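Undergrad: Before anything else, here's the structure in question.
There are 2 protein chains.
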Amino acid sequence: MLKSVANNAEKMAAADERPAAEAGASLHGEILTRLRDYIVEGNLAEGERVPERELCEMFGISRTPLREALKVLASEGLLELLPNRGARVRALTKRDLTELFDVMGGLEALAGRLACENITDGEIAEVERLHYEMYGCYLRRDMHGYFQFNQLIHHKVVDAARNAILAATYASFAGRLRRVRFSANMARDRDRWSEAMREHEAILDALRRRAGQELSDILFLHLRNKRRALIEAQ
Amino acid sequence: MLKSVANNAEKMAAADERPAAEAGASLHGEILTRLRDYIVEGNLAEGERVPERELCEMFGISRTPLREALKVLASEGLLELLPNRGARVRALTKRDLTELFDVMGGLEALAGRLACENITDGEIAEVERLHYEMYGCYLRRDMHGYFQFNQLIHHKVVDAARNAILAATYASFAGRLRRVRFSANMARDRDRWSEAMREHEAILDALRRRAGQELSDILFLHLRNKRRALIEAQ
DNA sequence: AAGAAAAATTTTGAATGCAATTTTTTTGGT
DNA sequence: ACCAAAAAAATTGCATTCAAAATTTTTCTT
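Residue numbers (our numbering), protein chains in the order written: chain A, 30 to 263; chain B, 30 to 263.
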């Protein structure tokens, strides 16, 4: 039983092997995306139990695809499953935050290194543009704009790494951090803001020189500082 | 898996808030673990469709918990879901391998850096012991033993990083690479073997000195070389 | 025979059903 | 009124069912 019938080669030739658009393809995929967004947007409080029936009604589906999505979100770390007591929104402890930031730092460090190997001149120019836009926001104390451009820059670096698995992993962890509201801090901690701005100058500089190892290091420390500022502010 | 105990202050002190042992607690959790092992062990050929009915009979369960596990394994990248055509074992392309190795390199680099911050003298002594055991295997061309100790060393470094999220992520990717058989190469490529051995000397040295940044770099390049050797050998 | 069309079978995706457990409500004693 | 025990209701975890789609088998045509 379950023997590997490897010689299906014949029909595999032209095959219509679409790896499932993952999102809207199946009900499961759609619900997964929608429910993840729903939670990340903060519609369910931390530690709150996930109301299956309500969500089913809300999405207009039965419990089966919803529960499939719950298992996936639990494996992503967004929910936790309690035996016979369903799923809860996982609370981010200080420890979780610390660990997550370090992992993000490691992933960004990797992204920076790989980006230096692969980024085009055009992309660097684009990062420069974003950088100066961000700088503008900094000068006029536009926190919202600053964070927008900041994210765009980091995202661009990850993109330039040309590594889909890295990008997916990065996105997954970034999603888990989305519930954390950073803005509040920087407003009061003006020193951290200018420090962050200086770090970004160094990031751009290393990227221009395509100094992978150096950029890798700067990015890790950049995240470390972000982490420190956040933990202190709490 | 990715667990961490919530200390939701507001609620109450003694609460019975067990975050679900994830493994044997529910049928879903148990099946998830067993099915993952089953696939990683290579019992289903790459690209082969996953026979739901057979697996249900084999595990003695209904399709519901099995299908929940399938969605999770797909989100882990072990399977792919094709609309109306079920799950297939995801084939690792050369591109996937390249990307996976780089991500592993990034994670090991991070682990090395964090380990230097947290490792105890006793743990370093343990790594030293493993290193010399491994060296012994190298001298007497015991490939199997070499790989055992090699894995133990890398695992020890990840442990010493004191970051559960990193450890879980690392384990997940390592699982995906478990299907790849490395041994075959090194036997023929004796140069790579001695090069790897030298790299391990450098790893141990940097770890002793707790030179995080340096160790980080060595580890990334170590994985890069492993990747190169593997791709060349294919 | 070979290939196309049709029919039968299997598989998939999702809804529904059901026993066990947990949670809430009610009740009764103090 | 307060609290514990009992009863009722809701929720959970998994099995089962069912329509739609895919796959295989059979039949028909040339």
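Using N, Cα and C, we set each Cβ at its ideal position, and we do this for glycine too. This structure is a prediction, so every number in the text was calculated from the model and none was measured.
Identify whether R78(B) lies in helix, strand or coil by the three-state DSSP scheme.
TA: Correct three-state label for R78(B): strand.
Undergrad: What are the start and end residues of the alpha helix (DSSP H) that includes L280(A)?
TA: A question about residue 280(A) goes unanswered here, because the residues of chain A that appear run from 30 up to 263.
Undergrad: Can you list the beta strand (DSSP E) stretches of 3 or more residues lying completely in the region 93 to 127 of chain A, in chain order?
TA: Complete beta strand (DSSP E) runs here, min 3: 108 to 111, 115 to 118.
Undergrad: Run through chain A and tell me which residues come within less than 9 Å of S55(B), C-beta to C-beta.
TA: Those within 9 Å of S55(B) in chain A are L110, P112, N113.
Undergrad: Applying the criterion that 16 or more other CB atoms from any shown protein chain within 10 Å of the CB defines a buried residue, is G135(A) buried or exposed?
TA: Counting Cβ neighbours within 10 Å, G135(A) comes out buried, since at least 16 surround it.
Undergrad: Grab me the residues of A98(B)'s own chain with a C-beta within less than 6 Å of its C-beta, minus the 5 sequence neighbours each way, in chain order.
TA: Once the five neighbours on either side are set aside, the close Cβ partners of A98(B) are I60, L61, L64.
Undergrad: Buried or exposed for S55(B), please, with buried defined as at least 16 other CB atoms from any protein chain shown within 10 angstroms of its CB.
TA: Buried: at least 16 other Cβ atoms inside 10 Å.
Undergrad: Is the beta carbon of R124(B) closer than 9 Å to that of E109(B)?
TA: No; because the gap between Cβ atoms is not below 9 Å, this pair is not in contact.
Undergrad: Between R78(A) and G106(A), is the Cβ-Cβ spacing less than 9 Å?
TA: Cβ atoms of R78(A) and G106(A): not closer than 9 Å.
Undergrad: Where do the ends of the alpha helix (DSSP H) carrying V265(A) lie?
TA: Look at the range of chain A in this structure, 30 to 263, and you will see that residue 265(A) is not part of it.
Undergrad: Cutting at 6 Å between CB atoms, please list the residues of its own chain near E152(A), excluding the five before and the five after it.
TA: Around E152(A): A189.
Undergrad: Let me confirm a value: M163(A) is counted as buried when at least 16 other C-beta atoms fall within 10 Å, else exposed. Which label applies?
TA: Label assigned to M163(A): buried.
Undergrad: Which class does N72(B) belong to by DSSP, given the choice of helix, strand or coil?
TA: In the structure shown, N72(B) sits in coil (DSSP, three-state: anything other than H, G, I, E or B).
Undergrad: Assuming the contact rule is C-beta atoms closer than 8 Å, G204(A) and V69(A) should be a hit. Round their C-beta distance to whole Å, please.
TA: Their Cβ separation, rounded to whole angstroms, is 6 Å, which keeps G204(A) and V69(A) in contact under 8 Å.
Undergrad: Can you tell which of L159(B), N192(B), A196(B) has the C-alpha that lies nearest to the C-alpha of Q177(B)?
TA: With distances taken between Cα atoms, Q177(B) lies closest to L159(B).
Undergrad: Give me the subset of the region 239 to 251 of chain A whose CB atoms are less than 9 Å from a CB atom of chain B, sorted by chain position.
TA: Within the region 239 to 251 of chain A, the qualifying residues are Q242, S245, D246, F249.
Undergrad: Please list, in chain order, the chain B residues whose beta carbon lies closer than 7 Å to that of V69(A).
TA: By Cβ distance, chain B contributes nothing, its closest Cβ being about 16 Å from V69(A), past 7 Å.
Undergrad: For I194(B), return the contacting residues in chain A, with the cut-off set at a CB-CB distance below 7 Å.
TA: Per Cβ cutoff of 7 Å: E128, L129, V132.
Undergrad: When the Cα of A225(A) is compared with those of R253(A), V187(A), A140(A), which residue comes out closest?
TA: Checking every option, the nearest Cα to that of A225(A) belongs to R253(A).
Undergrad: Which residues of chain A have a Cβ atom closer than 7 Å to the Cβ of K100(B), listed in chain order?
TA: The contacting residues are H57, E97, K100, V101.
Undergrad: Hey, would you say L236(B) sits closer than 9 Å to C145(B), going by beta carbons?
TA: Against a cut-off of 9 Å, the Cβ pair of C145(B) and L236(B) comes out as a contact.
Undergrad: Below 7 Å on C-beta distance, what does L136(B) contact in chain A?
TA: In chain order: G135.
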